[in-house]
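Visitor: Below you will find the structure I want to go over with you.
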DNA sequence: GCCTCTAGTTTGTATGACAATATTAGATGT
DNA sequence: ACATCTAATATTGTCATACAAACTAGAGGC
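Chains as they are written, first to last, in our numbering: chain A, 14 to 249; chain B, 14 to 249.
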């Protein structure tokens, strides 16, 4: 996930942003699993930055709902329940069908080409079965759709939702059959976009998200049934 | 807006939260108008807290999109364009029709009573033409709907949108005829909720938000046409 | 009037300090 | 050995400073 570095508008690399990015990655990748406690001092050492910066980064992640405060004021990686995931995907369906409609209507040629390129990378990565890589590329796909939709508000609202399911997607794509299904869905979406057919693109996105939702919710419900751990520790 | 204080789960009032709340109010009320630059040192003095706390508060407001970073890292009160407002209301329509459906299905008796009470206050305040007061109560109405919908995710996504239009609502309700229209719409919503008719409630919410959207967008477009100020200063 | 250089602002970041809680480890009693 | 209470240790929230880098504005020179 290096889109941050592609931005045109510069912001000579703030330490804070770097920290946020690192932490987001650590959470997405599962290095800090859901429920893990994040201790400021440890993060300082791990990231090599001051407490000031770590704390500001945590505040940011907090309002993105990637971490949550425990009752003792501890900061823990957010636990996403099956219910949460279901709602997130419901909302994503609302937002991203709208987004892809606008993408079809408003994107310029470069943006469409870039999206097609990401799609191509997606297809290639699919054959390698590298879930983490795949999830990262998928994120980029959705993000490009959001950007091409040219609505600041849609982007701001939908983007944090993407970050929250990043970690889940990695595991849900491991569901048998989900990969091939996902591939077909992405193909359909891409084709509709290139044909300039907003209705069909939106419908393809909706189908895709509904299927993804089903896979993720199923996985989470299964997990919740088996293990209800009282406490969780951070990865060493 | 004192819901914060009603929470059961205590959090012995953090200085940071206090600062956030104060700043949010200052922005909603227009004390710091859109575009105004927020200087850390001044906020420290105004709020009587350290820079550490101010900065953490600003980070939070930043991810709520109530403030935005200017080109050279200055923090400014977010400017909401007509386009932004239109999108915000579109998204609110998606989210809050869903929310009111769930409210009808899931709220308990106390929550319905509380909503009715807010509605009553709304009606009373309407006759007094106190826009700021009215806007605050309206916010509480929407917020209660979101809470009663019992979806953490819907709440987390929709709530920040409410904060963003708080300031606008004050002025849009001054549009001639908007008040009476709003009253009828709220009545319809409330009636449907009490009748337990989710479809009708959702439709009433949709109509209400579409009308509110039209009023606010019209107002913003008019403003944008007349005044394109190059720079804006904070309220003295 | 216009340009340049200097001095003051403002932000980003780091450090150190300290109170108030939490948590853990130990000491103690049975 | 076990439960319990207590003292040592950790952790978070907050403040005060410090300083470099980027920026702004004003003084002064042309």
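By construction, the Cβ of each residue, glycine as well, lies at the ideal position given by its N, Cα and C atoms.
Return no unless some Cβ of chain B is closer than 8 angstroms to the Cβ of residue 104 of chain A.
Guide: As a working mapping, residue 104 of chain A is identified with position 91 in the first chain. Closer than 8 angstroms: yes.
Visitor: Following the continuous beta strand (DSSP E) through residue 142 of chain B, name the residue where it begins and the one where it ends.
Guide: If you number the second chain from 1, residue 142 of chain B lands on position 129. Here residue 142 of chain B belongs to no beta strand (DSSP E), and DSSP marks it neither H nor E.
Visitor: Are the C-beta atoms of residue 210 of chain A and some chain B residue less than 8 angstroms apart?
Guide: Indexing the first chain from 1 puts residue 210 of chain A at position 197. No, no contact with chain B.
Visitor: At what residues does the alpha helix (DSSP H) containing residue 101 of chain A begin and finish?
Guide: Mapped onto the first chain, residue 101 of chain A falls at position 88. Residue 101 of chain A -> alpha helix (DSSP H) spans 95-119.
Visitor: Just grab the DSSP bridge partners of residue 80 of chain A for me.
Guide: Counting from 1 along the first chain, the entry for residue 80 of chain A is found at position 67. Answer by DSSP bridge pairing, in chain order: A:90.
Visitor: What is the DSSP secondary structure of residue 51 of chain B, reduced to helix, strand or coil?
Guide: Within the second chain, residue 51 of chain B is the residue found at index 38, counting from 1. Residue 51 of chain B falls in the strand class under three-state DSSP.
Visitor: Please confirm whether residue 175 of chain B and residue 152 of chain B have their CB atoms less than 8 angstroms apart.
Guide: The residue labelled residue 175 of chain B in the question sits at position 162 within the second chain. The residue labelled residue 152 of chain B in the question sits at position 139 within the second chain. Result yes, Cβ atoms of residue 175 of chain B and residue 152 of chain B sit closer than 8 angstroms.
Visitor: Under 8 angstroms by Cβ, that's how I've got residue 91 of chain A and residue 80 of chain A pegged, so tell me the actual separation to the nearest angstrom.
Guide: In the first chain, residue 91 of chain A corresponds to position 78, counting from 1. In the first chain, residue 80 of chain A corresponds to position 67, counting from 1. Residue 91 of chain A to residue 80 of chain A, Cβ: 6 angstroms. Contact.
Visitor: With a cut-off of 8 angstroms, does the C-beta of residue 218 of chain B fall near any C-beta of chain A?
Guide: In the second chain, residue 218 of chain B corresponds to position 205, counting from 1. Cβ-Cβ to chain A under 8 angstroms: no for residue 218 of chain B.
Visitor: Quick one: Cα of residue 102 of chain A to Cα of residue 108 of chain A, how far?
Guide: Position 89 of the first chain holds residue 102 of chain A. Position 95 of the first chain holds residue 108 of chain A. Cα to Cα, residue 102 of chain A sits roughly 10 angstroms from residue 108 of chain A.
Visitor: Go through its chain and collect everything with a Cβ distance to residue 131 of chain B's Cβ below 8 angstroms, but skip five positions before and after it.
Guide: Along the second chain, one-based indexing puts residue 131 of chain B at 118. 150, 153, 154 and 157.
Visitor: When you compare only the Cα positions, how much space is there between residue 31 of chain A and residue 223 of chain B?
Guide: Start at 1 with the first residue of the first chain, and residue 31 of chain A comes out as number 18. Start at 1 with the first residue of the second chain, and residue 223 of chain B comes out as number 210. So the two alpha carbons sit approximately 40 angstroms from each other.
Visitor: Roughly how many whole angstroms lie between the Cα atoms of residue 60 of chain A and residue 205 of chain A?
Guide: The count along the first chain starts at 1 and reaches residue 60 of chain A at position 47. The count along the first chain starts at 1 and reaches residue 205 of chain A at position 192. Their backbone Cα atoms lie some 43 angstroms apart in a straight line.
Visitor: At a Cβ cut of 7 angstroms, what residues of the stretch 61-80 of chain B count as close to chain A, listed as they run along the chain?
Guide: Cβ contacts with chain A come from 68, 69, 72, 73, 76, 77 and 78.
Visitor: Take residue 215 of chain B as the anchor and find which of B:122, B:238 and B:113 has the nearest alpha-carbon.
Guide: Reading the second chain from its first residue, position 202 is the one you call residue 215 of chain B. The option with the nearest alpha carbon to residue 215 of chain B is B:113.
Visitor: Which residue's Cα is closest to the Cα of residue 48 of chain A: A:87, A:163, A:194 and A:191?
Guide: Reading the first chain from its first residue, position 35 is the one you call residue 48 of chain A. When only C-alpha atoms are compared, the closest one is A:87.
Visitor: Quick one: residues in its chain with C-beta nearer than 7 angstroms to the C-beta of residue 110 of chain A, no 5 flanking neighbours on either side, listed in chain order?
Guide: As a first step, residue 110 of chain A must be located in the first chain, where it is residue number 97. Hits under 7 angstroms: 215, 218 and 219.
Visitor: In chain B, what lies closer than 8 angstroms to residue 108 of chain A by C-beta?
Guide: For this step, residue 108 of chain A is matched to residue 95 along the first chain. Simply 104 and 107.
Visitor: If you drop the 5 nearest sequence neighbours on each side, which residues of the same chain put their C-beta closer than 7 angstroms to that of residue 228 of chain A?
Guide: By one-based count along the first chain, residue 228 of chain A stands at place 215. Excluding sequence neighbours, residue 228 of chain A sits near 185, 188 and 191.
Visitor: Please classify residue 61 of chain A: does DSSP put it in a helix, a strand, or coil?
Guide: For the purposes of this step, residue 61 of chain A is identified with residue 48 of the first chain, where counting begins at 1. Coil, per DSSP.
Visitor: Quick one: using the 10 Å Cβ neighbour count with 16 as the cut-off for buried, is residue 17 of chain A buried or exposed?
Guide: As a first step, residue 17 of chain A must be located in the first chain, where it is residue number 4. For residue 17 of chain A, the predicted structure reports a pLDDT of 36, less than 50, and the residue's modelled location is therefore unreliable. A value from the coordinates is still provided. By the neighbour-count rule (16 or more Cβ atoms within 10 Å), residue 17 of chain A is not buried but exposed.
Visitor: Measuring CB to CB, does residue 5 of chain A end up less than 8 angstroms from residue 66 of chain A?
Guide: This structure leaves residue 5 of chain A out entirely; chain A is present only between 14 and 249.
Visitor: Hey, is residue 226 of chain A's beta-carbon within less than 8 angstroms of any beta-carbon in chain B?
Guide: Here residue 226 of chain A corresponds to residue number 213 of the first chain, with the count starting at 1. Chain B, which has no Cβ nearer than 8 angstroms to the Cβ of residue 226 of chain A, makes this no.
Visitor: Taking just the CA atoms, how far does residue 45 of chain A sit from residue 54 of chain A?
Guide: Here residue 54 of chain A is taken as the residue at index 41 of the first chain, counted from 1. Here residue 45 of chain A is taken as the residue at index 32 of the first chain, counted from 1. Cα-Cα distance, rounded: 15 angstroms.
Visitor: Quick check on the DSSP output: what are the complete beta strand (DSSP E) runs of length 3 or more inside the stretch 132-215 of chain B, in order along the chain?
Guide: Qualifying beta strand (DSSP E) stretches: none in this window.
Visitor: Pick from B:163, B:239, B:164 and B:225: whose alpha carbon is nearest that of residue 99 of chain B?
Guide: As a first step, residue 99 of chain B is located in the second chain; it is residue number 86 there, counting from the start. Nearest C-alpha to residue 99 of chain B: B:225.
Visitor: For residue 101 of chain B, which residues in chain A fall below 8 angstroms Cβ to Cβ?
Guide: As a working mapping, residue 101 of chain B is identified with position 88 in the second chain. Simply 166.
Visitor: For residue 85 of chain A, which option in A:57, A:93, A:51 and A:63 has the closest C-alpha, if you only look at C-alpha atoms?
Guide: Position 72 of the first chain holds residue 85 of chain A. Out of A:57, A:93, A:51 and A:63, A:51 has the C-alpha closest to the C-alpha of residue 85 of chain A.
Visitor: Less than 8 angstroms separating the beta-carbons of residue 135 of chain B and residue 199 of chain B?
Guide: Within the second chain, the letter at position 122 stands for residue 135 of chain B. Within the second chain, the letter at position 186 stands for residue 199 of chain B. Cβ distance < 8 angstroms, so residue 135 of chain B and residue 199 of chain B count as in contact.
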